[in-house]
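Report on the structure given below.
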Amino acid sequence: MSRRHYQQPTTRAAAPAPAAAGHRLLLLAIALAGGFTVPAAQAQPAGATAIHGSAVLSQQGNKLVVTTQNGAGTSHSAINWQSFNVPGGTTTHFAQPGATSTSINRVVGPDPSSIFGTLSSNGRLVLVNPAGIAVGAGAVVDTAGFTASTLRMTDADALSGRLRFGDGTPGGPLRVDGQILARQGDIVLIGQKVETGAQAVIESPQGATILAAGQKVEVTGRGLEGIVFEVQAPSDQAVNLGTLKGDAVGVFAGTLKHSGLIQAQAVSTGGGKVVLKAVGDSLVDGSITASGANGVGGAIDVLGQRVGLMDCAALDASGALGGGKIRVGG
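For what it's worth, the working numbering labels the leading residue of the sequence shown as 4, then goes sequentially.
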């Protein structure tokens with residue numbers, strides 16, 4: 004095994020052990036206090052600098068494992084990357100202290116992020132890249148909770164763990180054509196333009212699935228009530244052609260179009276909740292279901308300055324013990 008360990012020096016700097024040729028395991032430790040920057044191997048996430056907490060990177064073949072420790076007295080870590088890509092056939096896994104831990108990952112280099120392999124974590128992941136983010140067809144993102152944003156996040160917010168995005172500068176597009184699964188939390192996709200393709204499946208069985216297209220967005224808590232956003236119609240656009248699932252589903256934008264499938268089914272007897280809300284046009288040409296398998300139906304809101312239900316629109320708020328509520332209008 005080849006090992007290199009980097010840490011904040013005291014009075015003397017110890018030389019790293021020499022790497023043996025042919026060994027596949029590379030171990031890199033990034034200490035918080037030193038803010039030491041080390042490039043990762045291959046074309047996977049590269050150029051890491053831990054700014055809060057710590058991270059250890061180990062490469063075994065096509066799998067990169069990032070083991071994080073939270074900052075003192077907090078439940079999150081924060082890492083800056085020069086680039087963040089997950090090529091097809093590779094896996095990048097974040098091993099965190101627990102499911103309620105959050106790893107904030109900001110890309111400070113000039114290139115957009117492309118995820119075509121597997122990105123996973125036992126905890127919650129936040130990925131921020133103002134140049135753009137693409138989750139390609141065949142890609143899998145499997146975490147406890149996942150937030151992706153092409154709106155900027157400040158150093159101060161990353162250090163404090165405040166999920167506040169947007170400083171008025173334009174962000175790149177955010178597009179999903181693969182699969183995103185949050186096993187214990189929410190999925191929040193943020194940008195000025197957020198799109199999901201026909202093959203996309205985005206699912207949070209114990210949380211909310213949210214697309215938020217705006218100038219400024221802040222995640223203050225769980226679910227639809229935890230989103231605070233500022234939009235400017237019609238430039239902030241959300242388009243869903245894929246499948247969105249959760250106990251609640253929300254799409255918030257300047258203008259929005261839904262032509263895919265939305266399913267909201269809550270674990271409780273109250274039924275699921277779906278909110279499509281646009282400052283300008285809100286167009287529905289797909290299916291929306293807010294069901295209550297064990298009770299009354301859920302609630303569906305389709306709101307906007309102008310709302311259009313097209314030929315293929317189907318809204319269903321039925322439940323085992325009675326129907327729910329559907330509201331369409333301004």
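We put the beta carbon where it would ideally sit given N, CA and C, even for glycine.
Quick caveat, the model's predicted, so the values are computed rather than measured.
- Distance between S238 and S124, taken at the CA atoms: about 33 Å.
- Restricting attention to beta strand (DSSP E) runs no shorter than 3 residues, the segment 149–179 encloses them at 166–168 and 177–179, ordered along the chain.
- For a cut-off of 8 Å, the C-beta gap from N73 to V111 is around 21 Å, too long to register as a contact.
- For the pair I107 and A161, the CB atoms are nearer than the 8 Å cut-off.
- Residue environment for L259: buried (at least 16 other C-beta atoms within 10 angstroms of its C-beta).
- Two segments are said to touch when three or more pairs of C-beta atoms, one from each, lie closer than 8 Å; by this definition the segment 224–233 does not touch the segment 174–182.
- By the C-beta density criterion, Q268 is buried, having at least 16 other C-beta atoms within 10 angstroms.
- Per DSSP, P208 is one residue of the beta strand (DSSP E) stretching across V204 to A216.
- G325 is classed as exposed because its beta carbon has fewer than 16 other beta carbons within 10 Å across all chains shown.
- The criterion of a C-beta distance shorter than 8 Å is not satisfied by Q62 and P90.
- Excluding residues up to 5 positions away in sequence, V89, T95 and V144 lie with their Cβ nearer than 7 Å to the Cβ of L122 in the same chain.
- In summary, M313 is exposed, with fewer than 16 beta-carbon neighbours lying within 10 Å of its beta-carbon over all protein chains present.
- Looking from the CA of K219, the closest CA among V231, G322, Q209 and P100 belongs to V231.
- V252: member of the beta strand (DSSP E) spanning T246 to A256, first to last residue.
- In this model, F168 and T150 are separated by some 11 Å (Cα to Cα).
- Contact between G298 and G274 holds, since their C-beta atoms are separated by about 6 Å, short of 8 Å.
- Going by beta carbons, V277 and V242 fall outside the 8 Å limit.
- Ranked by how close their Cα comes to the Cα of S207, the residues Q187, P100, S86 and L318 have Q187 in first place.
- Residue state for G229 is assigned as helix, using DSSP reduced to three classes.
- Within the same chain, V278 and R330 come within 6 Å of D304 by CB-CB distance, once the 5 residues on both sides are set aside.
- Taking the CA atoms as reference points, G164 sits about 29 Å from A203.
- One alpha carbon belongs to V254, the other to G64, and they sit about 39 Å apart.
- In this structure G332 does not touch Q308 by the C-beta definition: roughly 10 Å separates them, more than the 8 Å allowed.
- Counting only runs of 3 or more residues that sit fully inside the segment 264–324, the beta strand (DSSP E) segments are 264–268, 276–281, 284–287, 290–294, 302–306, 309–312 and 317–319, in chain order.
- Look at the segment 73–140 and you find these whole runs of beta strand (DSSP E), each 3 residues long or longer: 79–86, 94–98, 105–110, 116–118, 121–124, 127–131 and 136–138.
- When secondary structure is reduced to three states using DSSP, V143 falls in the strand class.
- A201 sits in coil when the DSSP states are folded into three classes, being neither helix nor strand.
- Closest by C-alpha distance to S285, out of A302, L264 and A256, is A256.
- Of A140, D189 and P113, the smallest CA-CA separation from T153 is found for P113.
- The C-beta separation of A147 from A185 comes to about 7 Å, placing the pair in contact by the 8 Å criterion.
- Nearest to T246 by C-alpha distance, out of E228, G229, E233 and Q266, is Q266.
- Excluding residues up to 5 positions away in sequence, Q47 and T95 lie with their Cβ nearer than 6 Å to the Cβ of L67 in the same chain.
- Under the DSSP assignment, T223 falls outside any beta strand (DSSP E); it carries neither an H nor an E label.
- In this structure, the CA atom of G92 is about 19 Å from the CA atom of L60.
- For Q240 against A216, the beta-carbon gap comes to about 6 Å, under 8 Å, which counts as contact.
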